[in-house]
Amino acid sequence: MKPKARIELTGIDITQLQVDAIVNAANTSLLGGGGVDGAIHRSAGPELLAECRSLSGCPTGQARITRGYRLPAKFIIHTVGPMWLGGAEGEPELLASCYRTSFELAQKHGVKTIAFPAISCGIYEYPIPDAARIAVREACVVLAAGRDIERILFVCFSAPILSAYQSELKD
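Numbering (my numbering), first residue to last: 98 to 268.
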């Protein structure tokens, strides 16, 4: 099966998805914030905040894993995307690293299905077409390598994000 055939787009609330792991577009403190991060923390409950405190944060481009607590997902993979500063500050490499380190943690914990938000495309203002290209490329690399991940969902919370991901998934 072609890698892109195992990638799906959805507009469903990431906190409601029945997958093994959801990815949180977190900040470096891992202690919650706005957008996707805040929604995940609210839905998972206070136990998530307690576990995140024990992790002592996460640098940009890296990922950490916690239990899902009150979410349908067994795990939450928290990754810190880069803020867009024009592209000359290593942003593409850092964003790619978010996906790579998230996939590494997923594989290490037996995750078969995983859902990602559009990392860095909210208040971090990463250009959506560029972010979608990086996300789909990294997903295809993992799927083509024959890793254990069976299905990758990209949660597209706006029409521009959905359109960018659809463009990247065209054969």
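Even for Gly, the Cβ is constructed at its ideal location relative to N, Cα and C.
Source: prediction; values computed, not measured.
What span of residues does the beta strand (DSSP E) with R161 cover, start to end?
Segment A160 to R164, the beta strand (DSSP E) holding R161.
Between A102, I111, P100 and K101, which has its C-alpha nearest I216's C-alpha?
Cα-wise, what sits closest to I216 is I111.
To the nearest angstrom, how far is it from the Cα of Q204 to the Cα of D245?
Whole-angstrom Cα-Cα distance: 7 Å.
What residues are listed by DSSP as bridge partners for N121?
Beta-bridge pairing links N121 to H175.
Using a threshold of 8 Å, state whether the C-beta atoms of F172 and H138 are closer than that.
Taking 8 Å as the Cβ cut-off, F172 and H138 do not qualify as a contacting pair.
Rounded to a whole number of angstroms, what is the C-alpha to C-alpha distance between P189 and I231?
One C-alpha to the other measures close to 8 Å.
Looking at F200 and F251, is the spacing between their C-beta atoms short of 8 Å?
No; because the gap between Cβ atoms is not below 8 Å, this pair is not in contact.
For S260, tell me which candidate among A229, V239 and A241 has the shortest Cα-Cα distance.
Checking every option, the nearest Cα to that of S260 belongs to A229.
If we count the other Cβ atoms within 10 Å of its Cβ and call it buried at 16 or more, is P179 buried or exposed?
That one is buried.
Quick test of the definition: if touching needs 3 or more C-beta pairs under 8 Å, does the region 113-121 touch the region 157-173?
The region 113-121, when compared against the region 157-173, does touch it at the 8 Å Cβ threshold.
State the start and end residues of the unbroken beta strand (DSSP E) segment that holds I249.
Unbroken beta strand (DSSP E) run through I249: R248 to V252.
Just list the residues that DSSP pairs E105 with in beta bridges.
Paired residues: L250.
Return yes when the Cβ of T210 is within less than 8 Å of the Cβ of E247, no when it is not.
Contact: yes.
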